[in-house]
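K.L.:
For any residue, its number in the numbering used here is found by taking its place in the sequence shown, counting from 1, and adding 27.
This is the structure I want to talk about, given as C-alpha cells.
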Amino acid sequence: MPKRLWQTMENNPLFNKVLRFVSIRPRSKKEISDYIKTKLYKKRTPDEIDKDILGIMQSLEELNLVNDEFFARSFIEWRLASSNPKGFRIIRGELLVKGVDKCLVEELLGDEEYKEMEKKAAEKVVLKKSRNYKDPRALKNYVFSRGFSQAAVVFACGRGGI
28 MPKRLWQTME NNPLFNKVLR FVSIRPRSKK EISDYIKTKL YKKRTPDEID
78 KDILGIMQSL EELNLVNDEF FARSFIEWRL ASSNPKGFRI IRGELLVKGV
128 DKCLVEELLG DEEYKEMEKK AAEKVVLKKS RNYKDPRALK NYVFSRGFSQ
178 AAVVFACGRG GI
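Structure, rendered in C-alpha cells:
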C-alpha cells in the first residue's frame, strides 16, 4: 500500500512549520503559498520553491487543511463579530488581497445570513459611537467609512434612533 503524500512530508521541517502556521487559524491558499515563499526565498531556486509549494499544498489538501470557501466564511464571520467590525466593502477587499476568488467572495457576501450579520454589526457600531457623534450625518459617514453598505447604515441608524 503506497504512502500518502502527507505521510512522506511529515519529517519535512518546512511542512511542520506550515502545519503550525495553518493550525493558528484558517488560511487561504495564497497566504500559505506566500508563507512558504518567505521561508524558502534565500535557500532555493524559484523552480524548487514552486515544486515545494505544490507538494506541500497537495499534502494539506489531502489532510483537508486548505479550503478557500471555509477560510472566507470564517473570515467574514470574524470581521463582522469583532469588537471593531468592518463592512462588506472592506471585507471584500481584504479577501481579494488574501487571494480568494472574486466569484466566491461575491457569492458569499450575497448570502442573506451575512447581510443580516452586516446590519447587526453596523447597528453595533452606531450604538458604540453614537455618544461621540452629535451630528447624525457625521455618524453615518463614519459607519460608511467602516465599509458598511447603505442598506446596513440606514437599518442601523433607524434602529439606533438617529
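A virtual CB, placed ideally from N, CA and C, is assigned to each residue, including glycine.
Compare the beta carbon distance of K113 and E58 with 8 Å and say whether it is the shorter of the two.
P.N.:
Here residue 113 is taken as the residue at index 86 of the sequence shown, counted from 1. Here residue 58 is taken as the residue at index 31 of the sequence shown, counted from 1. Going by C-beta atoms, K113 is not nearer than 8 Å to E58.
K.L.:
Within the chosen definition, does the segment 64–79 reach the segment 125–140 through at least 3 CB pairs nearer than 8 Å?
P.N.:
no
K.L.:
Three Cβ pairs or more, each shorter than 8 Å: is that satisfied between the segment 39–51 and the segment 84–103?
P.N.:
yes
K.L.:
Taking 8 Å as the threshold (C-beta atoms), are I118 and I103 in contact?
P.N.:
Indexing the sequence shown from 1 puts residue 103 at position 76. Indexing the sequence shown from 1 puts residue 118 at position 91. It is a contact, given that the beta carbons lie within the stated cut-off.
K.L.:
With distance defined between alpha-carbon atoms, name the residue in E88, N43 and K146 nearest to F115.
P.N.:
Locating residue 115 in the sequence shown gives position 88, counting from the first residue. Looking at the Cα atoms, K146 is the closest of the given residues.
K.L.:
First and last residue of the alpha helix (DSSP H) that includes K142?
P.N.:
As a first step, residue 142 must be located in the sequence shown, where it is residue number 115. For K142, the uninterrupted alpha helix (DSSP H) segment begins and ends at E139 to K156.
K.L.:
Hey, quick one: how far does the alpha helix (DSSP H) through Y160 stretch, first residue to last?
P.N.:
Against the sequence shown, residue 160 aligns to sequence position 133. Element bounds for Y160: n/a, residue is neither H nor E.
K.L.:
Grab me the residues of V170's own chain with a C-beta within less than 7 Å of its C-beta, minus the 5 sequence neighbours each way, in chain order.
P.N.:
Numbered from 1 along the sequence shown, position 143 holds the residue referred to as residue 170. Same-chain partners within the cutoff: A149, V152, V153, V180 and A183.
K.L.:
Determine, using beta carbons only, whether E99 and L131 come nearer to each other than 8 Å.
P.N.:
As a first step, residue 99 is located in the sequence shown; it is residue number 72 there, counting from the start. As a first step, residue 131 is located in the sequence shown; it is residue number 104 there, counting from the start. Here residue 99 turns out to be Ala, not Glu, going by the sequence shown. Yes, these two residues count as a Cβ contact at 8 Å.
K.L.:
When burial is assigned at 16 or more other CB atoms within 10 Å of the CB, is F175 buried or exposed?
P.N.:
Taking the first residue of the sequence shown as 1, we reach residue 175 at position 148. Buried, because 16 or more other Cβ atoms sit within 10 Å of the Cβ of F175.
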